[in-house]
Amino acid sequence: MQLKPLADRVLIEPAPAEKKTVGGIIIPDTAKEKPLKGTVIAVGTGTKDEAMVLKAGDQVLYGKYAGTEVEIDGQKLLIMRQSDVLGILE
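To get the numbering used here, take the position in the sequence shown, counting from 1, and add 66.
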């Protein structure tokens with residue numbers, strides 16, 4: 067299944083959460099820090115007031131609680147507005 071974001075929305079694949087151990091104890095996935103970076107998978111066309119700056123393949127940073135989580139073909143992705151993206155990693 068393909069998802070094409072509308073207007074100023076982008077589809078992002080979050081980077082995997084880093085595994086942390088504390089003194090030999092492995093912290094479960096539910097306690098891991100949510101990743102704040104990811105890769106843009108698809109972008110909308112923008113709006114008449116705001117051109118789409120992001121493109122597929124961009125590595126981006128986004129806010130901790132930004133976007134809505136969606137699951138497509140068993141893969142968890144985020145869909146959010148372009149304005150929720152904090153910056154592009156170069």
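Even for Gly, the Cβ is constructed at its ideal location relative to N, Cα and C.
Is the segment 131-142 close to the segment 109-119, with three or more CB pairs under 8 Å? Judged by pairs of C-beta atoms under 8 Å, the segment 131-142 does not touch the segment 109-119, as fewer than three such pairs exist.
What would DSSP say about Q148, mapped onto helix, strand or coil? On the sequence shown, residue 148 is found 82 positions in, with the first residue counted as 1. Helix.
Could you give the first and the last residue of the continuous beta strand (DSSP E) run that contains K103? Locating residue 103 in the sequence shown gives position 37, where the first residue counts as 1. According to the DSSP assignment, K103 belongs to the beta strand (DSSP E) that extends over 103-109.
Boundaries of the beta strand (DSSP E) in which T134 is found, first to last residue: Position 68 of the sequence shown holds residue 134. Where T134 is concerned, the enclosing beta strand (DSSP E) stretches over 134-138.
Assuming contact is defined by CB atoms lying nearer than 8 Å, are L144 and I78 in contact in what I supplied? By one-based count along the sequence shown, residue 144 stands at place 78. By one-based count along the sequence shown, residue 78 stands at place 12. Taking 8 Å as the Cβ cut-off, L144 and I78 qualify as a contacting pair.
Quick one: what's got a C-beta closer than 7 Å to L102's C-beta in the same chain, skipping five residues either side? By 1-based counting over the sequence shown, the position of residue 102 is 36. Cβ-Cβ distances below 7 Å link L102 to L127, Y128, K130 in the same chain, with the five nearest sequence neighbours on each side left out; the list follows chain order.
Name the DSSP bridge partner or partners of L127? Taking the sequence shown and counting its residues from 1, one reaches residue 127 at position 61. K103, G153, per the DSSP bridge assignment.
On the CB-based measure, 16 or more other CB atoms within 10 Å of its CB, does Q68 come out buried or exposed? As a first step, residue 68 is located in the sequence shown; it is residue number 2 there, counting from the start. Q68 sits exposed, since fewer than 16 C-beta atoms from the chains shown fall within 10 Å of its C-beta.
Element boundaries [beta strand (DSSP E), containing P80]: Sequence index remark: in the sequence shown, residue 80 carries index 14 (1-based). Where P80 is concerned, the enclosing beta strand (DSSP E) stretches over 75-80.
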